[in-house]
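Structure first, then comments.
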Amino acid sequence: MSGLNFAQQEAVNYLHGPCLVLAGAGSGKTRVITMKIGRLIQTGLAPKSIAAITFTNKAASEMRERAQHLIGKQAKDVAVCTFHALGVRLMREDGAVLGLKPQFSILDANDVVGIIKDAAGGTTDAATARIWQWTISKWKNMGLSSAEALAVAADDNERIIAKVMERYEERLTAYQSVDFDDLIGMPLRLLRDHPEVREKWQKTLNHVLVDEYQDTNATQYELLKLLVGERGRFTAVGDDDQSIYGWRGATLDNLKKLPVDYATLKVIKLEQNYRSTSAILRAANNVIQPNPKLYPKTLFSELGEGEPVRVVDADSEEHEAERAVARIQSLRETSQHKEWRSFAVLYRANHMAKPFEKALRRANIPYKVSGGTGFFDRAEIRDLCSWLRLWVNNDDDPAFLRAITTPKRGIGHTTLGKLGEYSSSYKLSLFAALFSSSLAALMPERAMAQLLEFGRYINDLEYRARRTIGAEDSKAFLLEWLKEIGYEQHLLDSEDSEKVGAARWGNVLDFIDWMSQRSGGVIDDASGANIPSPTKSLLEVVQTVSLLSTISEREKDQDVVTLSTLHASKGLEWPHVMLIGVNEGLLPFKLEDDNGRQKVVSAETTQRLEEERRLMYVGITRAQRTLAVSWTKRRKKGREMVAAMPSRFIAEMGLDKTTAKEDPREKLRALRAEFAKRAEASASAAKSQA
50 MSGLNFAQQE AVNYLHGPCL VLAGAGSGKT RVITMKIGRL IQTGLAPKSI AAITFTNKAA
110 SEMRERAQHL IGKQAKDVAV CTFHALGVRL MREDGAVLGL KPQFSILDAN DVVGIIKDAA
170 GGTTDAATAR IWQWTISKWK NMGLSSAEAL AVAADDNERI IAKVMERYEE RLTAYQSVDF
230 DDLIGMPLRL LRDHPEVREK WQKTLNHVLV DEYQDTNATQ YELLKLLVGE RGRFTAVGDD
290 DQSIYGWRGA TLDNLKKLPV DYATLKVIKL EQNYRSTSAI LRAANNVIQP NPKLYPKTLF
350 SELGEGEPVR VVDADSEEHE AERAVARIQS LRETSQHKEW RSFAVLYRAN HMAKPFEKAL
410 RRANIPYKVS GGTGFFDRAE IRDLCSWLRL WVNNDDDPAF LRAITTPKRG IGHTTLGKLG
470 EYSSSYKLSL FAALFSSSLA ALMPERAMAQ LLEFGRYIND LEYRARRTIG AEDSKAFLLE
530 WLKEIGYEQH LLDSEDSEKV GAARWGNVLD FIDWMSQRSG GVIDDASGAN IPSPTKSLLE
590 VVQTVSLLST ISEREKDQDV VTLSTLHASK GLEWPHVMLI GVNEGLLPFK LEDDNGRQKV
650 VSAETTQRLE EERRLMYVGI TRAQRTLAVS WTKRRKKGRE MVAAMPSRFI AEMGLDKTTA
710 KEDPREKLRA LRAEFAKRAE ASASAAKSQA
């Protein structure tokens, strides 16, 4: 327990009932969770009976590493995972009672859009399909089936989407597939409707810890209740002041329900911040103060007063970017933080990064845009990886479904639905099922011929890849394969813009070069440098594809300035932060109508304002040593420049206006003049000594 403050020790030691840990920003919540896992094991709880649930794979990985460092080998048996990964575990083990085989497929967003387009009757409008996907996802996160969604539909448009949802659910059942939202909704149904399964899991998991509890939605809360049962052996760790995901279903109602559903709930507040200076925390406390409080708390720090929070005004977005770059250069010269990775520029919306990218390029400052799509996450690369995965693992049903439909080859959902039913009945993979002699009796002759043609083609590709060795032959083979399936034309046909289609094809060619390099005795390490490697067959290279990190992850260890949205910055921290675009209409975001008039105050607009204020609070508390908040006097609206106002949040920070403003360009000029003066004096002294 050494190194823990009193509140942290209390949170770690409270083991026998429901516990809510209100962890303010930078208050050491991850340490508390990992220490509590160790404490539970120390008191005799089996590691495999403990689950620690987070919201991202990255957070789960970091927590797992910390737990292993603290506890040792026993930590490997603790279920440290996301809500969705836990849902997969429940469904793999007990999904049969819902009609799912253990090898069910998990579809990604692109797969879902494709099925929704088919379910809607063949619409070619991907944008409409994505809107429908978002609405269906919202309903699923509310725990609604298609029939229940139809019953609560607000208008004709929602009734249409509910009908599409019904057909979409039928497709998923036929394909033995689930989407991302089903990984919460279906386990909830499993535990709610099947008492024997619920009892099994309540005995299996003796204590459940949930990180970032404020980000849970209604379905996740109900799932947690069924997992822990009436005994309520859980620890929820969160911060109502950092709830910023209301737009995707997260609700603070889950915090309100806890003391109602669990009368013996123990509430522990972590208010000591180990990240930021007092000046920064004072601004954060002031900003969040107008919001209603479920559990009032005030962050404090023992790191000293620190530099005052600065407010920087600019004439335009370009001027704002220039001033931010000047501030970075000035701080790098005067502070102890000389690495570019010590600096971050945070903003409300992705489009705001553009002028800052340009300004950083002009100044030759390296940077990365956080939250960008990883190379291996691009749809075109995922398409190809599905084919490659199928070469080495014919039982990979998700890869089978994506490969057989991308590019389209005349095999529709009816044929795949019959194949899915057959494979489920005989407990076969989809690929193995298509070669079964009895399948032909269920299929039209033409559909059966198309399935067999695809299966034989996959076998042929595997055979050829096994015998292809070296970079040159591998590249030739891969390009020939892409030509055979018509993939370049597929990309061009699937995009409205020829330029976008060509860019996606360029990504494919980069991928082919990368794959062939690895086959030819040269691989690239994390720094991007080429190093020797034994020559491999193309199939051997393919076998490693699913295990490789994305190419874009090389950036994580690079010394670069970070540009990031406020949402993507949550959970991160930097010594020096610039929070830009803090204008009315941007932060808070669009609380006015198109004519700039304040929208009528309603429960909805009030909730939106409160969440925007929490977003500002998150941005402020990312800063460790210095924080600058900037706004522009004019902003672009279409092709025109219009007057802009500072955000109300700047006034709410309660800063001393006589000391809060700065011009980093003037400071940088003064520094350069001082350095030039010193260099001249040094040269003069050396000359006189000579």
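For what it's worth, our numbering labels the leading residue of the sequence shown as 50, then goes sequentially.
We put the beta carbon where it would ideally sit given N, CA and C, even for glycine.
Item	Value
Do Ala134 and Ala116 have their C-beta atoms closer together than 9 Å?	no
If Asn443 sits next to Gly298, beta carbons under 8 Å apart, how far is it from one beta carbon to the other, in whole angstroms?	Asn443 to Gly298, Cβ: 37 Å. No contact.
Do the stretch 227-238 and the stretch 180-198 touch if we need at least three Cβ pairs shorter than 8 Å?	yes
Which parts of the stretch 428-506 are runs of the alpha helix (DSSP H), unbroken and 4 residues or longer, counting only runs that do not cross its ends?	428-441, 446-454, 462-474 and 479-482
So Phe104 packs on Asp264, CB below 8 Å; how close in whole Å?	6 Å
Under a three-way DSSP split, which group does Asn255 fall into?	coil
Which first and last residues belong to the alpha helix (DSSP H) in which Trp389 is found?	Unbroken run through Trp389: none, as it is neither H nor E.
Specify the secondary structure class of Glu729 as computed by DSSP and reduced to three states.	helix
For Ala60, name the three-state secondary structure that DSSP assigns.	helix
Can you check DSSP and say which residues form a bridge with Lys315?	Cys68
Ordered along the chain, which non-local residues of its own chain (more than five positions away) have a Cβ less than 7 Å from that of Arg390?	Asp608 and Val609
What are the boundary residues of the beta strand (DSSP E) that includes His625?	Trp623 to Leu628
Closest by CA to Lys122, which one among Lys97, Gly144, Lys107 and Arg138?	Lys97
By how many angstroms is the C-alpha of Lys403 removed from the C-alpha of His368?	13 Å
Rounded to the nearest angstrom, what separates Glu795 and Asp445 at their Cα positions?	Absent from the structure is residue 795, since the part of the chain shown begins at 50 and ends at 739.
Would you kindly work out how many angstroms separate the C-alpha atoms of Leu528 and Val549, rounded to a whole number?	20 Å
Just the C-alpha distance for Lys685 and Ala211, rounded to the nearest angstrom, thanks.	39 Å
Hey, quick one: how far does the alpha helix (DSSP H) through Gly234 stretch, first residue to last?	Asp231 to Asp242
Excluding the five sequence neighbours on either side, which residues of its own chain have a C-beta within less than 6 Å of the C-beta of Cys68, listed in chain order?	Thr284 and Lys315
Who are the near neighbours of Cys130 in its chain, counting only those whose CB is closer than 6 Å to its CB and skipping five residues on each side?	Ala109
Quick one: what's Glu689 bridged to in DSSP?	Lys686
State buried or exposed for Gln385, treating a residue as buried only when at least 16 other CB atoms are found within 10 Å of its CB.	exposed
Tell me which residues share the same chain as Leu352 and place their Cβ nearer than 6 Å to its Cβ, disregarding the 5 neighbours each side in the sequence.	Thr326
Where Asn399 and Met627 are concerned, what is the direct C-alpha to C-alpha distance, given to the nearest angstrom?	15 Å
Grouping DSSP H, G and I as helix and E and B as strand, with all else coil, what is Ala672?	strand
Might you give, ordered along the chain, the residues of its own chain that have their beta carbon closer than 8 Å to the beta carbon of Leu439, omitting 5 neighbours on each side?	Asp445, Ala448, Phe449, Ala452, Phe480 and Ile507
How many angstroms separate the CA atom of Arg179 from the CA atom of Ser543?	15 Å
Relative to the C-alpha of Met140, which residue among Arg331, Met690 and Ile233 is closest?	Ile233
Sort out for me which residues DSSP pairs Trp680 with in a bridge.	Asp362
When DSSP labels each residue in this structure, what does Val336 get in the three-state scheme?	helix
Mind checking which residues open and close the beta strand (DSSP E) that includes Gly287?	Phe283 to Gly287
Which stretch, first to last residue, makes up the beta strand (DSSP E) that contains Lys274?	That residue, Lys274, is in no beta strand (DSSP E); its alpha helix (DSSP H) goes Ala267 to Val277.
If you measure between the beta carbons of Val557 and Leu587, is that distance less than 9 Å?	no
Hey, how far is the Cα of Gln338 from the Cα of Thr464?	59 Å
Quick one: using the 10 Å Cβ neighbour count with 16 as the cut-off for buried, is Pro244 buried or exposed?	exposed
Taking just the CA atoms, how far does Asp157 sit from Glu371?	40 Å
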